[in-house]
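The next block holds one structure in the form of structure tokens; read it before the comments.
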Amino acid sequence: MASEVEICNLALSHIGKYHINSLADAQKESIECRLLYPRARDSVLRDHPWNFARKQLTLGELTETYVNWDYAYQYPVDCLLALEIYNPSGSDDQIPFEIGISADLNSRVILTNHEQAVLIYTAAVTNPNIFDSVFIDAMAYRMAADLALPLRGDPQVQQAMLNLYAGLLGRAQTVNANEQFQDPVDDCSFITARA
């Protein structure tokens, strides 16, 4: 289990800076970590469809109408990345949807032609105890890249951290794929054809 401070300390160690005891401290490292941590966390969550942050929600229908779409739904408050509308038919066909903006320009909406839509999305997970270990590593390198300029003033260190971060996103795809269950291929048609 990791804490926000531990993730920040990993990032600081990647760029050769002193560790912190708290995000509330007055030292420059704490101030920068406090400022950058929430934005970096949400960016890393958006950069990959992490299994631990995947959420499903039946959307609340709105009364507004939009051209080319039959239904408008409330955008979930904790949604960082809308992945797909659940297809209850069981087919692999994706249900088309679009992210729009409400008529009063104050909120995002989800537009689709699917009634009673269930959105599958990446949620804004803030509890570090839920984070995947690969996510923690990726988060530390992303934070290190963000901290490199204000704390080191070195764009080369920043670029090196971004490269390591990109590599971890590739590794995360493999880890996520290994954690998913896929229905086995139905061999009955092949066996029947041979009989």
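Using this note's numbering, read the sequence shown as starting at 90 and increasing by one per residue.
The C-beta atom is built at its ideal place from N, Cα and C for all residues, glycine as well.
Taking 9 Å as the cut-off, the beta carbon of alanine 255 is found no closer than this to the beta carbon of valine 223.
Rounded to the nearest angstrom, the gap between the Cα atoms of aspartate 136 and threonine 152 is 32 Å. Counting C-beta pairs closer than 8 Å gives three or more between the region 194-214 and the region 131-150, which meets the contact rule.
Annotated as distal: alanine 115 and aspartate 235, with beta-carbon spacing of 9 Å or more. DSSP places phenylalanine 186 inside the beta strand (DSSP E), whose first and last residues are 186-190. Taking 9 Å as the cut-off, the beta carbon of asparagine 202 is found no closer than this to the beta carbon of proline 177. Ile225 is the residue among Leu238, Ile225 and Asn195 whose C-alpha sits nearest the C-alpha of alanine 91.
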